Amino acid sequence: MAIMIRYISAVLALKSDRRGVTMLEYGLIAALVAVVVIGAITTIGTNLNGIFDKIGTSI
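Start counting the sequence shown at 18; every next residue gets the next number (the numbering used here).
Okay, here's the thing in structure tokens:
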């Protein structure tokens, strides 16, 4: 029970602290950028794989 009270106290302290909100926003932006980068790399990798397959079959 004491752990739960400490957790709730910490959450309420972050709620009133604007730095916590800003950190959360930056974290969400970083997560979104990471998802976009992973998607782009996956797409580029698939396209390159197809190109190298065509080159390999033509040789």
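We put the CB at the ideal spot given by N, CA and C, even for glycine.
These numbers come from a predicted model, not from an experiment.
R23 has its alpha-carbon roughly 39 Å from the corresponding atom of G56. When the Cα atoms are used, N66 and L49 turn out to be separated by approximately 26 Å. Separation of K71 and T63 (C-alpha to C-alpha, rounded to the nearest whole angstrom) is 13 Å.
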